[in-house]
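J.: If you read the sequence shown in our numbering, its first letter stands for residue 166, the second for the next number, and so on.
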Amino acid sequence: MASPQAEQLREILRAMPKEPAGSLEEQRAGAEAMWPAFTAELPDASFEPVDAGGVPAEWIRYPDADASRVVLYLHGGGYSLGSIATHRKLAGHIARAAGSAALVIDYRLAPEPPSPAGLDDAVTAYQWLLAEGFRASDVAIAGDSAGGGLT
Numbered sequence: 166m167a168s169p170q171a172e173q174l175r176e177i178l179r180a181m182p183k184e185p186a187g188s189l190e191e192q193r194a195g196a197e198a199m200w201p202a203f204t205a206e207l208p209d210a211s212f213e214p215v216d217a218g219g220v221p222a223e224w225i226r227y228p229d230a231d232a233s234r235v236v237l238y239l240h241g242g243g244y245s246l247g248s249i250a251t252h253r254k255l256a257g258h259i260a261r262a263a264g265s266a267a268l269v270i271d272y273r274l275a276p277e278p279p280s281p282a283g284l285d286d287a288v289t290a291y292q293w294l295l296a297e298g299f300r301a302s303d304v305a306i307a308g309d310s311a312g313g314g315l316t
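1. Measure the C-alpha to C-alpha separation of ARG175 and SER168 and round it to an integer number of angstroms.
2. Bridge partners for LEU268 per DSSP, in chain order?
3. So ALA268 packs on LEU295, CB below 8 Å; how close in whole Å?
4. Going by C-alpha to C-alpha distance, which of ALA210, GLU297, PRO221, TYR291 sits closest to LEU315?
5. Determine the direct distance from the alpha carbon of SER245 to that of LEU276, and round the result to whole angstroms.
6. Would VAL236 and THR289 be called neighbours here (beta carbons separated by less than 8 Å)?
7. May I have a chain-ordered list of the beta strand (DSSP E) segments no shorter than 3 residues that lie completely inside the segment 182–218?
Here it is in C-alpha cells:
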C-alpha cells in the first residue's frame, strides 16, 4: 500500500497536462514554481553560491558532513528545464545521506546553446572540484533524468 504522500504525488502527476503547455519560458517558470514543493526542506543546511570554473553553482553543506567529500549533482529537466532552485533540496537530501557536501550546478539549457553545452558544463564543474583539491575518489556524481544522462 502506498503512503499518503505517494498518493498525493500520484494525484498531482495525474492532474498534470500530458503535453507541455506554453512557451519554453513558461514551462521553465512553471518548473521553478512547482518542483521545489515535491521535496522536504533542509533546516540544517547552508547554501552558498559559487562560480565553479565559469559554471554557476551552489554549495549545500551540513555542519557535521565530511568536508573532503562532495556529491556533484546534475539536475533533471529534459536538458531544457530545471536549475539549482528546482533541485537543491533533492541534492541536499542526497548529500545528507552521504555525509558530504553537494555542489549543484546550473548547466546551460537547450536549445539556446546546442548540445553538448550541458555536458561541457558538467565536465568543467568536475575539473573545478579537482582543481579545488578534491580527490576523484571523494567526488560522487549524481543526477536525475537528464542529469542522470549527463552523469
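By construction, the Cβ of each residue, glycine as well, lies at the ideal position given by its N, Cα and C atoms.
T.: With the given structure in hand:
1. Within the sequence shown, the letter at position 10 stands for residue 175. Within the sequence shown, the letter at position 3 stands for residue 168. Going from the Cα of ARG175 to the Cα of SER168 covers about 11 Å.
2. Your numbering for residue 268 matches position 103 in the sequence shown. Looking at the DSSP assignment, LEU268 forms a beta bridge with TRP224, LEU237.
3. Within the sequence shown, numbered from 1, the residue matching residue 268 stands at position 103. Within the sequence shown, numbered from 1, the residue matching residue 295 stands at position 130. One detail in the question is off: residue 268 reads as Leu in this sequence, not Ala. That pair is no contact at about 12 Å.
4. Within the sequence shown, residue 315 is the residue found at index 150, counting from 1. Checking every option, the nearest Cα to that of LEU315 belongs to TYR291.
5. In the sequence shown, residue 276 corresponds to position 111, counting from 1. In the sequence shown, residue 245 corresponds to position 80, counting from 1. Here residue 276 is Pro; the residue named in the question, Leu, does not match the sequence. Cα-Cα distance, rounded: 7 Å.
6. Taking the first residue of the sequence shown as 1, we reach residue 236 at position 71. Taking the first residue of the sequence shown as 1, we reach residue 289 at position 124. No.
7. 211–216
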